[in-house]
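Peer 1: With numbering that gives the first Met the number 0 as the guide, the letters of the sequence shown map in order to residues 0 to 159. Even glycine gets a Cβ: it sits at the ideal position worked out from N, Cα and C. Supplied in structure tokens, the structure appears directly below.
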Amino acid sequence: MQCAIHPDEYSCVSMCNSAKEMWDKLKLIYEGTSEVKKTKVNILVHEYEMFNMSPVETISNMFAWLSNITNGLKALGKNYTYTEIIHKVLRSLPLAWHTKVTVIEDSKNLSTLTVEELIGSLMTYEINLKQEEAEQPKLKQKDVALKAKKSNAYISEENF
Numbered sequence: 000m001q002c003a004i005h006p007d008e009y010s011c012v013s014m015c016n017s018a019k020e021m022w023d024k025l026k027l028i029y030e031g032t033s034e035v036k037k038t039k040v041n042i043l044v045h046e047y048e049m050f051n052m053s054p055v056e057t058i059s060n061m062f063a064w065l066s067n068i069t070n071g072l073k074a075l076g077k078n079y080t081y082t083e084i085i086h087k088v089l090r091s092l093p094l095a096w097h098t099k100v101t102v103i104e105d106s107k108n109l110s111t112l113t114v115e116e117l118i119g120s121l122m123t124y125e126i127n128l129k130q131e132e133a134e135q136p137k138l139k140q141k142d143v144a145l146k147a148k149k150s151n152a153y154i155s156e157e158n159f
């Protein structure tokens with residue numbers, strides 16, 4: 000086991016008498032105490048719960064960020080099912096994607112849909128959206144100036 004670890008780590012475990020003792024020490028170094036682990040889980044769960052895709056973000060970037068969160072949680076012992084992740088992805092999409100979300104929810108069985116199928120469907124939709132935006136003629140905004148006439152009429156309160 001000593002040959003498989005980095006020299007910096009070796010100095011931390013070189014005085015251990017058994018592989019179990021080495022393992023426990025390395026585990027403590029990388030995962031921390033149970034309190035540290037709970038804190039890390041709480042932070043990642045909060046990130047997961049607050050996760051939303053920004054309107055300018057791509058599907059692949061959004062999914063990469065969500066994967067980082069869920070992989071971090073999995074490493075700490077907190078797992079989400081694929082169905083929970085699918086629902087999270089659909090809830091995190093911007094308002095402009097609401098139509099696509101509705102179509103997916105109505106046409107697909109979300110309990111058997113894989114995350115990869117969902118991401119593929121969303122990426123296809125994203126490509127089509129970008130193509131439509133590129134094909135639409137750019138509407139030019141016209142500046143309008145209004146003329147005003149100067150009036151010499153004076154209305155006083157006494158005339159009312």
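Tell me the start and end of each unbroken alpha helix (DSSP H) in the stretch 64–103 that is at least 4 residues and wholly inside, in chain order.
Peer 2: DSSP runs (the alpha helix (DSSP H)) wholly in the stretch 64–103: 81–91.
Peer 1: For the alpha helix (DSSP H) containing residue 130, list its first residue and its last residue.
Peer 2: Here the question's residue 130 lines up with position 131 in the sequence shown. Start and end: 114–134.
Peer 1: Which value, in whole angstroms, describes the spacing of the CA atoms of residue 118 and residue 46?
Peer 2: Here residue 118 refers to the residue found at position 119 when the sequence shown is read from its first residue. Here residue 46 refers to the residue found at position 47 when the sequence shown is read from its first residue. About 20 Å.
Peer 1: Buried or exposed: where does residue 55 fall if 16 or more other Cβ atoms within 10 Å of its Cβ makes it buried?
Peer 2: Mapped onto the sequence shown, residue 55 falls at position 56. Label assigned to residue 55: exposed.
Peer 1: Taking just the CA atoms, how far does residue 91 sit from residue 109?
Peer 2: Here residue 109 is taken as the residue at index 110 of the sequence shown, counted from 1. Here residue 91 is taken as the residue at index 92 of the sequence shown, counted from 1. When rounded, the distance between both Cα atoms is 16 Å.
Peer 1: Would you kindly check if the distance between the Cβ of residue 77 and the Cβ of residue 35 is under 8 Å?
Peer 2: Translated into positions along the sequence shown, residue 35 becomes position 36. Translated into positions along the sequence shown, residue 77 becomes position 78. Contact: no.
Peer 1: Could you tell me which of 52, 113, 124 sits nearest to residue 80, measuring between CA atoms?
Peer 2: Residue mapping note: residue 80 aligns to position 81 of the sequence shown, counting from 1. Considering only alpha carbons, the answer is 113.
Peer 1: Which term fits residue 21, buried or exposed, when burial requires 16 or more other beta carbons within 10 angstroms of its beta carbon?
Peer 2: Translated into positions along the sequence shown, residue 21 becomes position 22. The residue is buried, with at least 16 neighbouring Cβ atoms inside 10 Å.
Peer 1: Ignore the nearest five residues each way along the sequence and tell me which others in residue 85's own chain have a CB closer than 7 Å to its CB.
Peer 2: In the sequence shown, the residue the question calls residue 85 occupies position 86. Within the same chain, residue 85 has close Cβ partners 109, 112, 114, 117.
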